[in-house]
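Enquirer: Numbering (UniProt numbering), first residue to last: 1 to 318. All C-beta atoms in this analysis are idealised placements derived from N, C-alpha and C, irrespective of residue type, glycine included. My questions all concern the structure below.
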């Protein structure tokens, strides 16, 4: 680590601290994540989920892990440096993003997420702080909670920051799918339009209540694997009706509302293609066509069990 000179601390988390640093040999600016626990064997370093995921995922919209260094039983991850995260950008905005800007950001998130899901990983902690931006380029970062799609349940109870946590996680479902990433992306998309979280719950119960206030109470059969349905009972008995998303996000187009809607309240469990393939079941259409969320139509596999097209019929003619 002698060749890296730390310049400033960028953030501090449960597992590690992130620093801006410069490589004294190449003058390259990098981000260094210093893990807080000690690592006594190289094998345990290489078996970390974050390392295994990032070694496999090579994509323009996924943060690049350049190097892993173990020195004096301390572990360092050397990443490419990105100037901001999406939370910082939203916090400093005085005017809402234009729809063109949001399309550019979302198309990059979805392309990175598509690559992850195609390579059998789901992130489990998507939020604005983990979407890094330099100029017009966005990259998904922080894979500390990433898991392989084929990994065996039960899964970790705590997954993702509460405001971006899918209902099946809030209800402590014993299994869930990459669809939880899509829920988080729907929440981030809504926040890009309003610059405020769409579900700012103060507790897990309040989180469910705020979700139902926007989307309405779900079908009882939507969460068969949930182990804490009492949370949903307390909310659903109030017979909350869904709000009109266009009233909540008045500056969003019909296509954006469609994308937010399909990312949320999709019946659970969502079948991922690996599971379908292993069971020799005919695959449903698992494509989300970003007809109007990028420069060109771009098919992204996202673990969804339905196909979505915008409500404006002439977009498909372009």
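Please report the straight-line C-alpha distance between residue 134 and residue 86, rounded to a whole angstrom.
Expert: Between residue 134 and residue 86, the C-alpha separation is close to 10 angstroms.
Enquirer: Quick one: using the 10 Å Cβ neighbour count with 16 as the cut-off for buried, is residue 241 buried or exposed?
Expert: By the neighbour-count rule (16 or more Cβ atoms within 10 Å), residue 241 is not buried but exposed.
Enquirer: According to DSSP, simplified to helix, strand and coil, what is residue 137?
Expert: Residue 137 falls in the strand class under three-state DSSP.
Enquirer: Using 8 angstroms as the threshold, is the segment 102 to 110 in touch with the segment 5 to 15, meaning 3 or more CB pairs across them?
Expert: Contact fails: fewer than three Cβ-Cβ distances are below 8 angstroms.
Enquirer: Between the C-alpha atoms of residue 46 and residue 214, what's the straight-line distance to the nearest angstrom?
Expert: Rounded to whole angstroms, residue 46 to residue 214 spans 43 angstroms at the Cα level.
Enquirer: In chain order, what are the residue ranges of uninterrupted alpha helix (DSSP H) at least 4 long that sit wholly in the segment 42 to 67?
Expert: With a minimum length of 4 residues, the continuous alpha helix (DSSP H) runs that stay inside the segment 42 to 67 are 42 to 46 and 49 to 56.
Enquirer: Buried or exposed: residue 7, going by 16 or more other Cβ atoms within 10 Å of its Cβ?
Expert: When all chains shown are included, residue 7 counts as exposed.
Enquirer: State the CB to CB distance for the pair residue 321 and residue 187, rounded to an integer number of angstroms; the pair is presumed to be in contact (CB under 8 angstroms).
Expert: Lying outside 1 to 318, the shown extent of the chain, residue 321 is not represented and no answer is given.
Enquirer: In whole angstroms, what is the alpha-carbon distance linking residue 117 and residue 72?
Expert: Residue 117 and residue 72: Cα-Cα distance of roughly 36 angstroms.
Enquirer: Excluding the 5 residues preceding and the 5 following residue 67 in the sequence, name in chain order all residues of the same chain whose CB lies nearer than 7 angstroms to its CB.
Expert: Correct list, in chain order: 78.
Enquirer: If I measure Cβ to Cβ from residue 5 and keep anything under 7 angstroms in the same chain, skipping five residues before and after, which residues do I get?
Expert: Result list for residue 5: 21, 22 and 24, in chain order.
Enquirer: Between which residues of its own chain and residue 69 is the CB-CB distance below 7 angstroms, once the five residues before and five after are set aside?
Expert: Answer for residue 69: 1, 76 and 78, listed in chain order.
Enquirer: Tell me the DSSP secondary structure of residue 33 in three-state form.
Expert: Reduced to three states, the DSSP call for residue 33 is strand.
Enquirer: Can you name the start and end residues of the beta strand (DSSP E) that residue 193 belongs to?
Expert: Element bounds for residue 193: not the beta strand (DSSP E) but the alpha helix (DSSP H), 179 to 194.
Enquirer: Span of the alpha helix (DSSP H) holding residue 245?
Expert: Element bounds for residue 245: 245 to 248.
Enquirer: Using CA coordinates, which residue listed in 95, 94, 19 and 50 is at the minimum distance from residue 123?
Expert: Comparing Cα-Cα distances from residue 123 to each of 95, 94, 19 and 50, the minimum goes to 50.
Enquirer: To the nearest angstrom, how far is it from the Cα of residue 38 to the Cα of residue 53?
Expert: Distance between the alpha carbons of residue 38 and residue 53: 21 angstroms.
Enquirer: Using a 10 Å radius around the Cβ and a threshold of 16 neighbouring Cβ atoms, would you call residue 338 buried or exposed?
Expert: Outside the displayed span of the chain (1 to 318) sits residue 338, for which this structure offers no information.
Enquirer: Excluding the 5 residues flanking residue 35 on each side, which residues of the same chain have their C-beta closer than 8 angstroms to its C-beta?
Expert: Contacts found: 15, 16, 74, 75, 76 and 77.
Enquirer: Quick one: what's got a C-beta closer than 7 angstroms to residue 264's C-beta in the same chain, skipping five residues either side?
Expert: Taken in chain order, the residues that qualify are 183, 186 and 215.
Enquirer: Bridge partners of residue 147, per DSSP?
Expert: Answer is 122, bridged to residue 147.
Enquirer: How would you write the range of the alpha helix (DSSP H) that residue 256 sits in, first residue to last?
Expert: Residues 254 to 263.
Enquirer: Would you check if the distance between the CB atom of residue 30 and the CB atom of residue 84 is smaller than 8 angstroms?
Expert: Not a contact, by the Cβ cut-off of 8 angstroms.
Enquirer: For residue 243, count neighbouring C-beta atoms within 10 Å of its own C-beta (all shown protein chains included) and say buried if the count is 16 or more, exposed if not.
Expert: When all chains shown are included, residue 243 counts as exposed.
Enquirer: Out of 203, 162 and 258, state which residue places its alpha-carbon closest to the alpha-carbon of residue 125.
Expert: Ranking 203, 162 and 258 by Cα distance to residue 125 puts 162 first.
Enquirer: Quick check: the Cα distance between residue 246 and residue 218, rounded to an integer number of angstroms?
Expert: Between residue 246 and residue 218, the C-alpha separation is close to 20 angstroms.
Enquirer: Tell me whether the beta-carbon of residue 63 lies closer than 8 angstroms to the beta-carbon of residue 140.
Expert: Closer than 8 angstroms, so yes.
Enquirer: Between the C-alpha atoms of residue 166 and residue 3, what's the straight-line distance to the nearest angstrom?
Expert: Straight-line Cα distance between these residues: approximately 42 angstroms.
Enquirer: Within 10 angstroms of its Cβ, does residue 56 collect 16 or more other Cβ (buried), or is it exposed?
Expert: Flag for residue 56 reads exposed.
Enquirer: Apply the 10 Å Cβ neighbour rule to residue 92 and answer buried if 16 or more other Cβ atoms are within range, or exposed otherwise.
Expert: Exposed: under 16 other Cβ atoms inside 10 Å.
Enquirer: Let me know if residue 254 comes out buried or exposed under the rule of 16 or more other beta-carbons within 10 Å of its beta-carbon.
Expert: It counts as exposed.
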